[in-house]
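Novice:
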Amino acid sequence: MLRSIALLIALSAPAAVPAQDAAKLDRPGMTALMRHALAPGTGDPAGFRLEDCGTQRGLDDRGRDQARRTGAALRAAGVVFDAIWTSQWCRARDTATLLGLGPVTEVRALNSHFAGRGDRAAQTAEVRKMLAALAPDARVLLVSHQVNIRALTGRGTRSGEVLAATRDANGVLTVTGSFTVAP
């Protein structure tokens, strides 16, 4: 019984963002990239339609909780973003919204290009162009998919993982740190 209560308290408390990781995100000009929260499975089912969340692989209860707790941890660390961009896929859009960090803008170029659904090179170039157009001190959070984040950074991510990155004048990203709130 006591173990169950301790587990419930641990799962309901906001996770802390380690101070060194919060500091990496809380600098002018930083870009954060977050893989959508836990959505069990791989890819999307046959019959996928962007406009119908019922045809997509979505967040489960643990994924929704992971997104809320990640947002709470970022708020507790004082991290603020000037813009939050998300893929139009429901699991990414839901993650971005559940973070509770501010208004969310859908960006088609952040849509998954897994299994030939999109154009990796064109989408990556478009995101880099958008990043390059930002004011040098603007802080932006991108919520997307593992394949997109890998294309932008050269690094894979776990569900719900947040990467901190610097960006150059061409929108090229260099990862400086990461953290994950466990689902």
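Taking the UniProt record's numbering, the leading residue of the sequence shown gets 1, the next gets one more, and so forth. Each residue gets a CB set at the ideal place from its N, CA and C atoms; glycine is no exception.
(1) Would you report the Cα separation of A138 and T95, rounded to the nearest angstrom?
(2) Check whether the segment 77-91 touches the segment 26-34, counting contact only when three or more Cβ pairs, one atom from each stretch, lie closer than 8 Å.
(3) Here's the rule I'm using: 16 or more other beta-carbon atoms within 10 Å means buried, otherwise exposed. How should A92 be labelled?
(4) Among all the DSSP beta bridges, which residues are the ones paired with A164?
(5) Based on Cα-Cα distance, which residue from A72, A46, H36, F48 lies nearest to D60?
(6) How long is the line joining the alpha carbons of R108 and L101, rounded to whole angstroms?
(7) Am I right that G156 and T70 are in contact with their C-beta atoms under 8 Å? What's the rounded C-beta distance?
(8) Compute the minimum distance between the beta carbon of G116 and the heavy atoms of the ligand HEM, and state whether it is under 7 Å.
(9) Using C-beta distances below 8 Å, list every residue in its chain close to P45, excluding the 5 sequence neighbours before and after it, in chain order.
(10) In angstroms, rounded to a whole number, what distance separates the CA positions of G154 and D52?
(11) Which value, in whole angstroms, describes the spacing of the CA atoms of L134 and G171?
Specialist: This is what the structure holds:
(1) Counted from its first residue, the sequence shown places residue 138 at position 138. Counted from its first residue, the sequence shown places residue 95 at position 95. Going from the Cα of A138 to the Cα of T95 covers about 21 Å.
(2) yes
(3) On the sequence shown, residue 92 is found 92 positions in, with the first residue counted as 1. It counts as buried.
(4) Mapped onto the sequence shown, residue 164 falls at position 164. Looking at the DSSP assignment, A164 forms a beta bridge with A32, G177.
(5) Here residue 60 refers to the residue found at position 60 when the sequence shown is read from its first residue. It is H36.
(6) The count along the sequence shown starts at 1 and reaches residue 108 at position 108. The count along the sequence shown starts at 1 and reaches residue 101 at position 101. Those two C-alpha atoms are separated by around 20 Å.
(7) Counted from its first residue, the sequence shown places residue 156 at position 156. Counted from its first residue, the sequence shown places residue 70 at position 70. Contact check for G156 and T70: beta-carbon distance about 18 Å, past the 8 Å limit, so the pair fails to qualify.
(8) Absence of the ligand HEM is noted for the structure shown, with no ligands found whatsoever.
(9) Position 45 of the sequence shown, counted from the start, is the residue given in the question as residue 45. Correct list, in chain order: T55, Q56, R57.
(10) As a working note, residue 154 is residue 154 in the sequence shown. As a working note, residue 52 is residue 52 in the sequence shown. If you draw a straight line from the Cα of G154 to the Cα of D52, it comes to about 31 Å.
(11) Here residue 134 refers to the residue found at position 134 when the sequence shown is read from its first residue. Here residue 171 refers to the residue found at position 171 when the sequence shown is read from its first residue. For L134 and G171, the distance between alpha carbons rounds to 9 Å.
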